[in-house]
Amino acid sequence: ILNVEQSPQSLHVQEGDSTNFTCSFPSSNFYALHWYRWETAKSPEALFVMTLNGDEKKKGRISATLNTKEGYSYLYIKGSQPEDSATYLCAFLAGAGSYQLTFGKGTKLSVIP
Amino acid sequence: NAGVTQTPKFQVLKTGQSMTLQCAQDMNHEYMSWYRQDPGMGLRLIHYSVGAGITDQGEVPNGYNVSRSTTEDFPLRLLSAAPSQTSVYFCASSYSGQADPHFGNGTRLTVT
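Line by line, the protein sequences are chains A and B.
For the record, in the first sequence the residue sitting at position 10 is 10 according to my numbering, with numbers rising by one throughout.
To convert, count from 1 in the second sequence and add 1000; that's my numbering.
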């Protein structure tokens, strides 16, 4: 079983604040890292799939970076809004022949108006 | 455009009962999978399939069976429900094992 850890477990920020959280994963046998946004009572929504060391991806106010050599990815949210409140999940895919995404436990973000 | 459809949305079972959670996708995806989501545990893979006729175990397969007789359908069977199987179950599909999965809306199962 692969170890994928996310920190912090939960986070409360004021509207307008920028924030970031971390996903740590094994640095060996890396294939891809996925980020998801998951609102309560809905299904996870894909944000990014990252495959290259040094990759940086952006979607609106949300961006992510990837360091495969040290085994971490950061997710940044600029100018948080109440609608950003959700659980953010990362998932690690090991090796080209693997079919099993290993999910972290998520970071629950609450944005206070 | 249905995507991934899970039924039922909610289910209550008594210990020992059996049931099947249905999952269907209309995107001609080869890869399908079942996850369970428990508080503080994230999403854990139960079983997955890389194509019709092929299934394999994930991280937490005990107490569950699957089959994949068609590309579209991937039902999850609970043979003898236990309270430990109380969870929210998500089905997902993707065109390959490496691609981003599309998730269904989940089935909330309670076993009393």
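Even glycine gets a Cβ: it sits at the ideal position worked out from N, Cα and C.
The structure displayed is predicted, hence computed values, not measured ones.
Own chain, CB closer than 7 Å to residue i, minus 5 neighbours either side, in chain order
i: aspartate 1038 of chain B; result: Ser1087
i: serine 1080 of chain B; result: Gly1016 and Ser1018
i: threonine 102 of chain A; result: Leu2, Val4, Ala91 and Phe92
Spatial neighbours of residue i in its chain, beta-carbon cut-off 6 Å, leaving aside the 5 residues before and after
i: phenylalanine 25 of chain A; result: Val4, Gly71 and Phe92
i: arginine 1108 of chain B; result: Phe1010 and Val1088
Residue range of the unbroken beta strand (DSSP E) whose run includes residue i
i: glycine 108 of chain A; result: The residue asked about is misnamed: residue 108 of chain A is lysine in this sequence, not glycine. That run of the beta strand (DSSP E) goes 107–112.
i: tyrosine 1095 of chain B; result: First-last for tyrosine 1095 of chain B: undefined, no H or E at that position.
i: valine 1111 of chain B; result: 1107–1111
i: valine 4 of chain A; result: That residue, valine 4 of chain A, is in no beta strand (DSSP E); it is neither H nor E in DSSP.
i: histidine 12 of chain A; result: 10–14
Identified DSSP bridge partners for residue i
i: glutamine 1057 of chain B; result: B:His1047
i: asparagine 1065 of chain B; result: B:Arg1077
i: phenylalanine 1103 of chain B; result: B:Ala1092
i: leucine 33 of chain A; result: A:Met50 and A:Phe92
Per-residue burial, residue i [other beta carbons within 10 Å of its own, 16 or more giving buried]
i: aspartate 84 of chain A; result: buried
i: glycine 104 of chain A; result: buried
i: valine 1066 of chain B; result: buried
Closest residue to residue i among the options (Cα-Cα distance)
i: proline 1075 of chain B; options: B:Gln1011, B:Ala1002, B:Leu1021 and B:Lys1014; result: B:Leu1021
i: tryptophan 1034 of chain B; options: A:Ser43, A:Ala94, A:Gly60 and A:Ala64; result: A:Ser43
i: methionine 1032 of chain B; options: B:Gly1042, B:Tyr1048 and B:Arg1044; result: B:Tyr1048
i: glycine 60 of chain A; options: A:Ser7, A:Gln100 and A:Gly79; result: A:Gly79
i: isoleucine 62 of chain A; options: A:Pro113, A:Pro8, A:Thr19 and A:Gly95; result: A:Thr19
i: asparagine 53 of chain A; options: A:Ser73, A:Trp35 and A:Thr40; result: A:Ser73
i: isoleucine 77 of chain A; options: A:Asn29, A:Lys58 and A:Pro113; result: A:Lys58
i: isoleucine 1054 of chain B; options: B:Leu1043, B:Arg1036, B:Asp1073 and B:Asn1062; result: B:Asp1073
i: alanine 32 of chain A; options: A:Ser10, A:Pro113, A:Ile112 and A:Gln100; result: A:Gln100
Close Cβ partners of residue i (< 8 Å) along its chain, the five nearest in sequence each way excluded
i: tryptophan 38 of chain A; result: Pro44, Glu45, Ala86, Thr87, Tyr88, Leu89 and Gly106
i: asparagine 67 of chain A; result: Asn53, Gly54 and Ser73
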